[in-house]
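Chains as they are written, first to last, in the numbering used here: chain E, 24 to 217; chain P, 24 to 217; chain U, 24 to 217; chain F, 24 to 217; chain H, 24 to 217; chain V, 24 to 217. Beta carbons: idealized from backbone N, C-alpha and C, even for Gly. Bear in mind the structure is a predicted one, so any value in this text is a computation, not a measurement. See below for the structure under consideration.
6 protein chains.
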Amino acid sequence: STLTLSRTSASPTPRPKVHENGVACKDPAAVVAEDFLFGGLDKPGGKTSKRFGFTANQVQIPGLNTLGESHVHLDVVPGGVFPVHYHPRAAETALVLEGSVYFGFVSSYPDNKLYAKVLRKGDVFAVPQGLVHFLYNNGTAPATLYASLSSQNPGLVLLGNSLFAGALPDDLVAKTLLTDAHTVQTIKANFRRS
Amino acid sequence: STLTLSRTSASPTPRPKVHENGVACKDPAAVVAEDFLFGGLDKPGGKTSKRFGFTANQVQIPGLNTLGESHVHLDVVPGGVFPVHYHPRAAETALVLEGSVYFGFVSSYPDNKLYAKVLRKGDVFAVPQGLVHFLYNNGTAPATLYASLSSQNPGLVLLGNSLFAGALPDDLVAKTLLTDAHTVQTIKANFRRS
Amino acid sequence: STLTLSRTSASPTPRPKVHENGVACKDPAAVVAEDFLFGGLDKPGGKTSKRFGFTANQVQIPGLNTLGESHVHLDVVPGGVFPVHYHPRAAETALVLEGSVYFGFVSSYPDNKLYAKVLRKGDVFAVPQGLVHFLYNNGTAPATLYASLSSQNPGLVLLGNSLFAGALPDDLVAKTLLTDAHTVQTIKANFRRS
Amino acid sequence: STLTLSRTSASPTPRPKVHENGVACKDPAAVVAEDFLFGGLDKPGGKTSKRFGFTANQVQIPGLNTLGESHVHLDVVPGGVFPVHYHPRAAETALVLEGSVYFGFVSSYPDNKLYAKVLRKGDVFAVPQGLVHFLYNNGTAPATLYASLSSQNPGLVLLGNSLFAGALPDDLVAKTLLTDAHTVQTIKANFRRS
Amino acid sequence: STLTLSRTSASPTPRPKVHENGVACKDPAAVVAEDFLFGGLDKPGGKTSKRFGFTANQVQIPGLNTLGESHVHLDVVPGGVFPVHYHPRAAETALVLEGSVYFGFVSSYPDNKLYAKVLRKGDVFAVPQGLVHFLYNNGTAPATLYASLSSQNPGLVLLGNSLFAGALPDDLVAKTLLTDAHTVQTIKANFRRS
Amino acid sequence: STLTLSRTSASPTPRPKVHENGVACKDPAAVVAEDFLFGGLDKPGGKTSKRFGFTANQVQIPGLNTLGESHVHLDVVPGGVFPVHYHPRAAETALVLEGSVYFGFVSSYPDNKLYAKVLRKGDVFAVPQGLVHFLYNNGTAPATLYASLSSQNPGLVLLGNSLFAGALPDDLVAKTLLTDAHTVQTIKANFRRS
């Protein structure tokens with residue numbers, strides 16, 4: 024089951040690229056235990072959003088390739104949020120490791136029903152695939168969570184950024200939000216500023 | 024998607040219900056050609072949203088049960104929108120039957136890149152699974168589309184309604200949109216009014 | 024569905040080829056809105072079968088790659104057919120855009136039950152995965168349909184061509200159809216002629 | 024694949040029925056080893072088609088429910104065929120247990136290419152999902168095969184019976200086979216007779 | 024995973040039961056936020072195996088039904104093990120919450136290669152679907168882990184119990200382990216005793 | 024999810040390789056009937072395990088690529104076993120072609136219930152996905168079976184070899200089997216010897 028794309032070292036042509044819908048597998052003979060390990064999740068790491076107050080540390084394990092799971096470690100400062108968002112290709116289950124958060128999701132149109140709870144250390148909460156959810160640290164101590172997603176490539180859409188940080192026409196956003204273009208432009212300016 | 028195993032009226036106990044995750048199949052011996060037919064899509068029908076200016080007529084074909092497809096006929100008045108939304112469990116492909124619309128989708132965080140085109144009669148446009156998209160009739164004639172979705176139960180989330188028509192806390196929505204609680208309350212009032 | 028990893032011309036060996044079971048993905052950074060668009064379905068196009076009287080115009084949208092859908096625009100002249108056929112890997116749902124057709128499918132052995140209707144503009148009819156179906160324009164005006172299939176690669180088998188246009192032995196076909204070799208040879212000659 | 028929730032005979036109303044798309048599972052506590060066994064495949068059994076000369080003995084193992092496989096034992100008399108057919112929902116792999124058969128399949132439109140071999144005891148041949156195939160005992164001894172199918176419910180469509188044993192209109196079949204209505208009626212009469 | 028369609032008590036016949044391959048869905052109108060919550064994972068709970076020294080607390084969230092994930096909280100005393108085992112229907116990813124463990128898996132026949140690491144707080148380790156793995160607390164403090172499995176119903180097979188706690192014939196086990204029946208009987212006695 | 028096969032031309036390291044998770048497809052134009060055939064299963068062939076007394080002859084059919092099935096021909100000498108094992112990614116159904124075997128599987132923890140039968144020529148027995156099973160020729164004649172597996176890549180784990188032929192620590196194996204390190208070392212020596 025091996026496909027070798029050998030090249031001659033003399034090749035002067037532009038580098039060929041193959042875009043796979045996923046990640047190629049490592050040579051099984053070269054696989055080591057470290058390919059299944061990701062260390063240091065007990066300390067914050069990864070990308071921080073100062074605007075929203077969260078840090079997301081994605082678990083990187085080459086050995087999970089094709090296994091349909093991914094995991095992320097989240098830190099949220101007091102007053103911070105992981106803003107209203109969804110994952111187009113995954114359900115999510117989050118465990119609170121430290122602190123307390125208000126966590127929940129909203130059901131589909133036309134109900135838009137809120138299912139939410141204040142979670143404390145040791146609580147687990149689940150979000151069905153693709154539904155809008157959020158995480159709000161409305162306490163006074165930092166909160167830490169460990170989230171499991173049911174896809175190797177869950178995707179992430181932040182509702183605010185999708186509406187205001189891209190190139191959607193102002194009048195379309197205004198019609199979607201039942202507001203006026205001026206309000207849309209004011210919020211767009213905030214997304215540009217921060 | 025509810026299957027009720029109704030009892031004879033003599034039963035004094037509350038009717039037991041079994042909720043299937045889907046729809047029960049018809050007795051094959053009782054199936055007729057009409058179970059595979061849905062007529063009248065050439066005329067508007069189904070649910071109208073006066074607020075947004077669209078009418079959605081969902082194709083109801085019992086014989087499509089378990090086949091992983093669904094279809095909808097959309098009419099949008101001039102100036103109307105099918106507002107920014109997504110389907111949690113489906114990709115979509117839409118064919119313009121009449122008129123012209125500005126149609127597109129937004130890619131995931133952090134790019135929020137807009138892929139959109141003005142579509143005319145005979146144009147087909149595709150939206151990958153779960154991505155935010157919209158339909159804006161910015162012309163002067165009514166527009167009609169036929170959309171195919173890659174799930175029997177695609178789901179629908181309108182971004183505006185999700186943020187403002189449900190019970191999400193004002194400060195959470197404000198933090199998500201980088202705005203203030205007053206703006207959130209003003210928009211919420213519009214969703215209550217219409 | 025072929026991905027060729029072309030070599031430099033200096034290579035004296037035959038060009039190696041890798042056949043993917045599908046189509047390679049485009050570099051995401053190079054993707055544009057046109058990759059999700061297919062235009063001109065309001066006019067006939069694509070491959071015409073003069074023998075049967077239909078023209079099939081397959082929707083070509085690179086952005087639909089891996090999304091499990093495909094679509095085709097069909098024109099059938101009065102008296103023409105899309106002859107009895109099936110798709111090995113897809114269910115189908117067809118919408119009549121113009122004209123009127125007799126459309127239906129046949130259930131499995133041993134029932135071979137016919138489920139068929141005369142469809143008019145705005146009617147939608149569904150065919151379960153892999154079942155034999157057909158489209159017969161027995162009216163006096165051209166008919167136009169838009170068919171959605173639940174696979175990126177649905178496949179197509181025409182029953183007549185499968186039996187008579189390939190290399191199946193005459194006596195096997197005769198035994199399958201409970202007829203004699205002479206009748207089989209006569210029909211085969213018609214398939215060769217046209 | 025029908026699950027009937029039968030009522031007490033006192034009920035005056037028509038018996039409600041729930042048709043599951045599959046077979047209900049047995050109470051795990053009541054499962055025994057016999058639920059995984061099917062005996063006697065070394066002797067012909069099951070349904071015989073005198074018209075075509077084959078006997079099909081389907082393996083019935085309750086414990087295979089939901090496991091995505093099914094199996095059948097086939098006996099074909101000299102000169103007999105399992106006529107040209109396909110399975111809408113499965114690939115097939117057949118092992119010759121006794122005798123010799125001409126076995127093969129036809130690729131999709133427009134190639135209709137024949138892939139076939141004379142198989143002898145101990146030969147295995149594979150047919151991709153949904154493609155037209157056949158089995159012809161053109162030897163002098165009975166042939167026996169064991170076929171594995173990649174679906175619990177593969178389905179079966181015989182091309183001849185689909186075209187001539189059901190209610191397809193004569194002129195549609197004639198157009199599909201590039202022949203005339205008289206030839207179609209003659210063959211239909213043979214299907215009625217036998 | 025049993026759904027009982029209970030009858031009125033007047034029914035003299037044995038109660039019919041329908042065993043679903045899974046769990047029936049709740050009436051959507053009756054769903055509440057608590058259906059997505061499981062609390063108290065910060066404290067040991069669930070089933071304890073004194074023989075091996077571990078306690079497993081399975082996350083019970085009705086709202087995760089059909090979402091293809093499950094989760095378990097594990098406590099292992101110093102010197103304790105979650106003995107060599109596998110999950111027939113899931114991959115696993117484990118996060119160390121407290122303490123330190125030796126954790127790893129063994130590849131398939133014929134390599135039987137060991138991939139293992141000593142994990143500390145904050146380390147995550149992944150096990151491909153169905154492979155044999157283990158967890159050994161060879162430290163002096165209790166260890167706590169949170170494991171995510173890529174199936175709603177992953178299953179569990181302990182290699183020792185499978186070989187010695189059931190009814191496998193002694194000589195079969197002896198041949199499997201390249202040992203003698205006396206050794207097998209001695210070990211079996213230990214499984215009976217504890 | 025982008026794989027760039029870029030190398031600097033100066034690279035002195037071994038040629039990079041891309042391992043596909045599967046097998047690349049053949050050029051369709053080059054496919055011949057032999058690609059769907061595997062001959063000679065009526066005679067033993069393939070890999071023999073003298074230690075256990077079985078010979079496994081795996082069916083190699085390029086045309087089965089991606090079709091989700093595999094097949095194997097097994098010969099077991101009198102007194103021989105296909106020792107206790109499982110397939111991480113497949114269910115199995117075995118047909119006895121010659122002789123007689125004791126065949127069965129063990130259910131999951133905590134039941135470890137044995138489901139087994141003595142099978143004779145013409146008997147078929149099924150094993151659910153991933154469960155521990157075995158084949159014991161406790162008769163006096165050679166036994167031959169044909170097994171079908173519901174995956175192209177089912178995998179194989181022998182419980183004895185997994186525990187004793189790899190590098191699992193002695194005390195971990197001892198704790199798993201409720202025995203002592205001396206017994207483990209004695210068995211390990213047997214696996215090294217043979």
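### Task
Tell me the start and end of each unbroken alpha helix (DSSP H) in the segment 143-196 of chain U that is at least 4 residues and wholly inside, in chain order.
The qualifying runs are 182-187.
### Query
Straight-line CA distance for residue 140 (chain V) to residue 59 (chain F)?
The straight-line gap separating the alpha-carbon atoms of residue 140 (chain V) and residue 59 (chain F) is approximately 9 Å.
### Message
Here's the rule: buried if 16 or more other CB atoms are within 10 angstroms of the residue's CB, otherwise exposed. What is residue 55 (chain U)?
### Response
With fewer than 16 neighbouring CB atoms inside 10 Å of its own CB, residue 55 (chain U) falls in the exposed class.
### Message
Taking DSSP's pairing of strands, which residues face residue 105 (chain P) in a bridge?
### Response
Per DSSP, the beta bridge partners of residue 105 (chain P) are P:158.
### Query
Sorted by chain position, which residues of the same chain lie with C-beta nearer than 6 Å to residue 65 (chain E)'s C-beta, five sequence neighbours on each side aside?
Within its own chain, no residue has a Cβ closer than 6 Å to the Cβ of residue 65 (chain E) once the five positions on either side in sequence are excluded.
#### Entry: Pair within 9 Å by beta-carbon distance, residue 76 (chain U) and residue 104 (chain U)
In contact: residue 76 (chain U) and residue 104 (chain U) (Cβ atoms closer than 9 Å).
#### Entry: Cutoff 9 Å: residue 144 (chain U) Cβ touching any chain P Cβ
Closer than 9 Å: yes.
### Task
Just the chain E side, please: which residues come within less than 9 Å of residue 124 (chain P) by C-beta, in chain order?
Those within 9 Å of residue 124 (chain P) in chain E number zero; the least Cβ separation is about 11 Å.
### Query
In terms of residue numbering, what span does the beta strand (DSSP E) encompassing residue 205 (chain E) cover?
Here residue 205 (chain E) belongs to no beta strand (DSSP E); instead the alpha helix (DSSP H) covers 204-216.
### Message
Among U:98, U:196, U:132, U:147, whose alpha-carbon lies nearest the alpha-carbon of residue 165 (chain U)?
### Response
Distance from the Cα of residue 165 (chain U) is smallest, within the candidate group U:98, U:196, U:132, U:147, for U:98.
### Task
Report yes or no: do three or more beta-carbon pairs, one from the segment 108-126 of chain V and one from the segment 146-158 of chain V, lie closer than 8 Å?
By the Cβ criterion, the segment 108-126 of chain V is in contact with the segment 146-158 of chain V, since at least three pairs of Cβ atoms, one from each stretch, lie closer than 8 Å.
### Message
Among the candidates H:211, H:156, H:84, whose CA atom is the shortest distance from the CA of residue 182 (chain V)?
### Response
Measuring from the Cα of residue 182 (chain V), the nearest candidate turns out to be H:156.
### Query
Using Cβ-Cβ distances below 9 Å, what residues of the segment 145-157 of chain E are close to chain P?
Identification of residues in the segment 145-157 of chain E having a C-beta nearer than 9 Å to some C-beta of chain P yields 151, 152, 153, 154, 155, 157, given in sequence order.
### Message
Using the Cβ count rule (16 or more neighbours within 10 Å means buried), how would you classify residue 92 (chain F)?
### Response
The residue is buried, with at least 16 neighbouring Cβ atoms inside 10 Å.
### Contact set between the segment 55-69 of chain P and chain U, restricted to residues whose Cβ is under 7 Å from the partner
Under the 7 Å Cβ criterion, the segment 55-69 of chain P contributes 56, 59, 60, 61, 62, 63, 64, 65, 66.
### Task
Just confirm the distance between the C-beta atoms of residue 213 (chain U) and residue 201 (chain F), as a whole number of angstroms; I'd bet it's less than 8 Å.
So it is a contact: roughly 4 Å between Cβ atoms.
### Query
Using a C-beta to C-beta distance shorter than 9 Å, which residues of chain U count as neighbours of residue 87 (chain F)?
The contact set of residue 87 (chain F) on chain U, defined by CB atoms closer than 9 Å, is empty, because the minimum CB distance reaches about 20 Å.
### Pair within 9 Å by beta-carbon distance, residue 131 (chain V) and residue 178 (chain H)
Yes, Cβ-Cβ distance for residue 131 (chain V) and residue 178 (chain H) is below 9 Å.
### Closest Cα partner of residue 190 (chain P) within the set E:109, E:133, E:90
It is E:133.
### Query
Between the segment 182-197 of chain E and chain P, which residues of the former have a C-beta closer than 9 Å to a C-beta of the latter?
Along the segment 182-197 of chain E, the positions whose C-beta sits under 9 Å from a C-beta of chain P are 182, 183, 184, 185, 186, 187, 188, 189, 190, 191, 192, 194, 195, 196, read in chain order.
#### Entry: Same chain, Cβ closer than 7 Å to residue 193 (chain V), neighbours up to 5 away in sequence not counted
The beta carbon of residue 193 (chain V) sits closer than 7 Å to those of 204, 207, 208, all from its chain and outside the five residues before and after it, given in chain order.
### Task
Check the Cβ-Cβ distances between residue 200 (chain U) and every residue of chain F, and say whether any is below 9 Å.
By this cut-off, residue 200 (chain U) is an interface position.
### Query
Is the Cβ of residue 9 (chain E) closer than 9 Å to any Cβ of chain H?
Outside the displayed range of chain E (24 to 217) lies residue 9 (chain E), so it cannot be described from this structure.
### Query
At least one CB of chain U closer than 9 Å to the CB of residue 93 (chain F): is that the case?
False, the Cβ-Cβ gap to chain U never drops below 9 Å.
### Message
Just to confirm, is the Cβ distance from residue 144 (chain P) to residue 171 (chain P) under 9 Å?
### Response
Inclusion of residue 144 (chain P) and residue 171 (chain P) in the CB contact set at 9 Å is not warranted, their separation being larger than that value.
### Query
What does residue 206 (chain H) reach in chain V if we use C-beta pairs closer than 7 Å?
The answer, in chain order, is 206.
### Query
Shortest alpha-carbon distance to residue 152 (chain F) belongs to which of V:110, V:89, V:127?
Checking every option, the nearest Cα to that of residue 152 (chain F) belongs to V:89.
### Query
Around the Cβ of residue 51 (chain V), are there at least 16 other Cβ atoms within 10 angstroms (buried) or fewer (exposed)?
It counts as exposed.
### Message
To the nearest angstrom, how far is the alpha carbon of residue 48 (chain E) from that of residue 174 (chain H)?
### Response
Each residue's alpha carbon lies about 23 Å from the other.
### Message
With a threshold of 9 Å between beta-carbons, can residue 171 (chain V) be considered close to chain F, or not?
### Response
For residue 171 (chain V), at least one C-beta of chain F is nearer than 9 Å to its own C-beta.
### Message
Under 9 Å, Cβ to Cβ, is there at least one residue of chain P near residue 107 (chain E)?
### Response
Put simply, the CB of residue 107 (chain E) is near chain P, with a gap under 9 Å to one of its CB atoms.
### Message
Using 9 Å as the threshold, is the C-beta distance between residue 6 (chain P) and residue 135 (chain E) below it?
### Response
Nothing about residue 6 (chain P) can be reported from this structure: the residues present for chain P run from 24 to 217 only.
### Task
Could you confirm whether any beta carbon from chain P is found closer than 9 Å to the beta carbon of residue 78 (chain U)?
For residue 78 (chain U), the answer is no, since every Cβ of chain P falls outside 9 Å of its Cβ.
### Message
I believe residue 198 (chain P) touches residue 106 (chain E) by the beta-carbon criterion, under 8 Å. Please report the beta-carbon distance rounded to the nearest angstrom.
### Response
Taking C-beta atoms under 8 Å as the contact rule, residue 198 (chain P) and residue 106 (chain E) qualify, at a distance of about 6 Å.
### Task
Please work out which residues of its chain come closer than 7 Å, Cβ to Cβ, to residue 210 (chain V), disregarding the five sequence neighbours upstream and downstream, and give them in chain order.
Contacts found: 187.
### Task
State the CB to CB distance for the pair residue 196 (chain V) and residue 109 (chain V), rounded to an integer number of angstroms; the pair is presumed to be in contact (CB under 8 Å).
Actually they do not touch by this definition, with Cβ atoms about 18 Å apart.
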